[in-house]
RNA sequence: CGGGGAGUAGCUCAGUUUGGCCAGAGCGCUGCGUUCGGGACGCAGAGGUCGCAGGUUCAAAUCCUGUCUCCCCGACCA
């Protein structure tokens with residue numbers, strides 16, 4: 013391609029609404045433009061990179077035995093109602109009504125559609141296993157789209173769904189995808205970590221998340237230094253803290269007047285105590301039941317862990333009315349004393365159970381209680397009392413006695429063992445060799461195509477611009493003709509360009525009638541891995557210059573050897589990515 | 001949805017406090033000339049319903065009301 017004919021609108025000024033490096037550079041290098049909040053146009057350079065990522069993903073999926081299909085982005089809402097996810101997904105699900113009044117959703121993922129396909133077409137164990145995938149636009153009405161393409165409302169995802177006859181088969185399918193993902197991310201030039209992940213609203217029995225560590229990531233991964241444990245924050249388990257003992261006998265509970273002081277912070281200031289001495293009592297609701305949740309003042313509830321503690325049901329904070337009804341007090345003054353009888357379950361974080369004494373709400377507006385002793389003043393055992401781990405890990409907590417460390421990252425892929433959640437609800441059943449009807453065991457596997465692009469830029473950039481891994485760079489080689497108006501120079505550049513083209517190299521020729529400085533700045537900004545510089549200076553000596561974007565070194569090469577040398581460099585860069 | 005901020009030229013922004021001067025600057029764009037290996041310079045030019053709708057006023061980018069959009073922080077989220 014010729015630069016002079018391409019739409020590559022680079023900009024000097026840093027865009028006002030971009031925060032992170034990848035977002036800024038994608039705009040500056042002319043890869044994307046925003047259309048509306050969370051929706052982006054991919055311009056020629058950006059789209060070329062996405063296509064290369066897609067090609068890598070497709071290649072690896074096909075090699076892993078999966079088959080590509082395409083399903084509609086528009087799904088009838090009934091499918092989502094049948095699995096209950098229409099409600100569970102809540103407002104993140106884009107919905108619309110057509111002229112006949114039929115309600116549809118824009119697919120944020122496609123378990124329902126793939127499973128209903130399997131329900132119709134797969135009837136026998138002889139057809140299993142099967143793994144189907146698509147690469148297509150997905151839609152999520154994010155609460156807050158941000159960081160450009162890292163969290164957008166429309167994005168491209170590769171989603172695969174495996175169907176197996178038994179658990180061993182599922183394990184194999186899962187492993188095949190897991191291994192394919194490792195190859196995909198390696199070939200895309202990413203460094204990544206694999207962590208245990210929570211299954212969330214997906215449902216199922218196990219999951220791994222592929223995350224690219226970088227400062228600007230939205231995900232937090234939790235790991236031990238020795239590498240024996242790694243999980244994402246939603247999942248990360250913590251040890252119960254050692255039981256605290258007090259030497260002295262704790263005096264009886266005592267009400268304290270705390271007018272209009274409801275927040276942990278305010279109460280601590282007022283009572284001159286610390287958040288870790290407080291017990292927060294939160295009222296949660298499932299569909300029809302109310303649960304009291306006790307957690308230490310300095311901890312936060314991990315709703316995924318909480319969801320598991322109540323048997324995997326959807327759970328959310330109760331509304332104000334319910335809280336006031338249960339506690340008999342305004343929001344901010346809930347406490348554990350005497351509440352066990354008023355709720356269906358009382359779930360106590362094990363850090364609370366380990367406390368010797370604490371401060372709690374009094375279930376009385378404007379009052380708190382001092383000298384509360386777990387076990388003495390509220391029950392630690394009983395039919396409806398559960399003591400477990402329901403909080404988010406904090407840096408410095410331990411798991412299996414080892415200190416937990418945190419790292420930020422961008423999630424680029426996740427694999428799930430779904431089991432029979434969807435196949436049962438949507439009737440994806442088959443007859444086994446004994447003629448017995450069984451639901452398929454499913455797995456699902458997602459790759460965020462756009463996020464790979466963003467993550468690669470987060471990892472590969474300097475103050476001058478992007479530094480692409482060659483596998484997903486919009487072009488492999490840039491031939492910069494420094495003096496386009498000099499016939500001799502232009503001819504040399506053109507010759508090298510043609511030879512590279514003929515050899516199948518993905519090459520861009522900067523043939524614009526511009527000053528050298530502008531071309532060099534653009535070259536660094538768009539970050540093509542190999543640059544061949546053709547200018548009067550060196551052509552006079554019969555040479556051109558070859559430079560890698562990632563390295564400062566410039567080497568002079570005779571004109572006639574330039575193309576071959578360039579091809580060698582391209583091949584060695586590809587080799588490093590195991591291509 | 002709660003809190004904060006912003007909408008003025010293609011882009012980045014000034015002007016709004018205290019209504020009145022022709023609605024401005026830099027970058028980008030067009031033409032001409034000089035320049036030409038790290039975002040050159042000079043001259044000439046094009047480009048704006050000041051987010052939108054009402055209102056107040058002799059007069060509104062500026063004041064008032066409503067509304068839309070975008071960004072940041074938070075809760076939520078594969």
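In this note's numbering, the protein residues as written are 13 to 591.
Using N, Cα and C, we set each Cβ at its ideal position, and we do this for glycine too.
Keep in mind it's a predicted model, so treat the numbers as computed, not measured.
Spatial distance of residue i from residue j (CA atoms)
i: residue 377; j: residue 432; result: 47 Å
i: residue 366; j: residue 430; result: 35 Å
i: residue 21; j: residue 15; result: 11 Å
i: residue 511; j: residue 574; result: 10 Å
i: residue 291; j: residue 300; result: 25 Å
i: residue 66; j: residue 310; result: 44 Å
i: residue 525; j: residue 563; result: 27 Å
i: residue 142; j: residue 533; result: 50 Å
i: residue 387; j: residue 322; result: 22 Å
i: residue 516; j: residue 445; result: 51 Å
i: residue 506; j: residue 522; result: 10 Å
i: residue 270; j: residue 451; result: 57 Å
i: residue 583; j: residue 519; result: 14 Å
i: residue 544; j: residue 552; result: 16 Å
i: residue 56; j: residue 132; result: 40 Å
i: residue 542; j: residue 501; result: 19 Å
i: residue 576; j: residue 565; result: 19 Å
i: residue 167; j: residue 17; result: 28 Å
i: residue 537; j: residue 104; result: 35 Å
i: residue 82; j: residue 146; result: 5 Å
i: residue 58; j: residue 504; result: 29 Å
i: residue 513; j: residue 578; result: 12 Å
i: residue 297; j: residue 303; result: 6 Å
i: residue 287; j: residue 108; result: 46 Å
i: residue 540; j: residue 486; result: 7 Å
i: residue 355; j: residue 254; result: 28 Å
i: residue 352; j: residue 102; result: 30 Å
i: residue 106; j: residue 375; result: 40 Å
i: residue 218; j: residue 211; result: 7 Å
i: residue 335; j: residue 169; result: 40 Å
Host alpha helix (DSSP H) of residue i (start-end)
i: residue 333; result: 332 to 339
i: residue 571; result: 571 to 588
i: residue 35; result: 33 to 40
i: residue 278; result: 276 to 283
i: residue 64; result: 56 to 75
Nonlocal neighbours in the same chain, by C-beta distance under 7 Å from residue i, ignoring five residues either side
i: residue 550; result: 556, 557 and 568
i: residue 30; result: 36, 39 and 160
i: residue 481; result: 200, 201, 468, 472 and 589
i: residue 256; result: 366, 367 and 368
i: residue 264; result: 383
i: residue 659; result: A question about residue 659 goes unanswered here, because the residues of the chain that appear run from 13 up to 591.
Own chain residues within Cβ distance below 8 Å of residue i, not counting five before or after
i: residue 220; result: 190, 206, 207, 208, 209, 426 and 427
i: residue 85; result: 118, 119, 148, 149, 150 and 151
i: residue 581; result: 542, 558 and 560
i: residue 181; result: 140, 141 and 453
i: residue 282; result: 270 and 273
i: residue 176; result: 140, 141, 182, 184, 185, 452, 453, 454 and 455
i: residue 410; result: 250, 251 and 416
Bounding residues of the beta strand (DSSP E) (the contiguous stretch that carries residue i)
i: residue 154; result: It is not in any beta strand (DSSP E) - residue 154 carries neither H nor E in the DSSP assignment.
i: residue 304; result: 302 to 308
i: residue 558; result: 555 to 560
i: residue 379; result: 379 to 384
i: residue 29; result: First-last for residue 29: undefined, no H or E at that position.
i: residue 400; result: 397 to 400
Contact set for residue i: own chain, Cβ-Cβ below 6 Å, skip 5 residues either direction
i: residue 360; result: 306 and 399
i: residue 319; result: 327
i: residue 193; result: 222 and 425
Checklist entry - Can you give, in chain order, each stretch of the beta strand (DSSP E) that sits fully within the region 181 to 265 and has at least 3 residues? => result 205 to 208, 218 to 225, 231 to 236 and 242 to 244, all fully within the region 181 to 265.
Next on the checklist: Count Cβ pairs between the region 236 to 252 and the region 195 to 210 that sit closer than 8 Å; are there 3 or more?
Outcome noted: A contact exists between the region 236 to 252 and the region 195 to 210.
Checklist entry - Unbroken beta strand (DSSP E) runs of length 3 or more, entirely within the region 492 to 552: which are they? => result Entirely contained in the region 492 to 552, the beta strand (DSSP E) runs reaching 3 residues are, in chain order, 519 to 522 and 542 to 546.
Checklist entry - Does the region 220 to 234 come within contact of the region 491 to 507, defined as at least 3 CB pairs closer than 8 Å? => result Too few Cβ pairs lie closer than 8 Å, so no.
Checklist entry - Do the region 456 to 463 and the region 112 to 119 touch if we need at least three Cβ pairs shorter than 8 Å? => result Output reads no: the region 112 to 119 does not touch the region 456 to 463.
Item to check | Every unbroken beta strand (DSSP E) inside the region 435 to 483 [3 residues or more] | outcome: 441 to 443, 449 to 451 and 453 to 460
Next on the checklist: When you compare the region 400 to 417 with the region 314 to 334, are there three or more beta-carbon pairs, one atom per stretch, that lie closer than 8 Å?
Outcome noted: yes
Checklist entry - Pairing CB atoms from the region 86 to 106 with CB atoms from the region 121 to 130, are three or more of them under 8 Å? => result They touch, by the three-pair rule.
Item to check | Whole beta strand (DSSP E) elements within the region 88 to 125, 3-residue minimum | outcome: 106 to 109 and 115 to 118
Checklist entry - Do three or more CB pairs link the region 271 to 291 to the region 327 to 340 at distances below 8 Å? => result no
Item to check | Residue ranges of each beta strand (DSSP E) within the region 314 to 373, 3 or longer | outcome: 357 to 361 and 370 to 373
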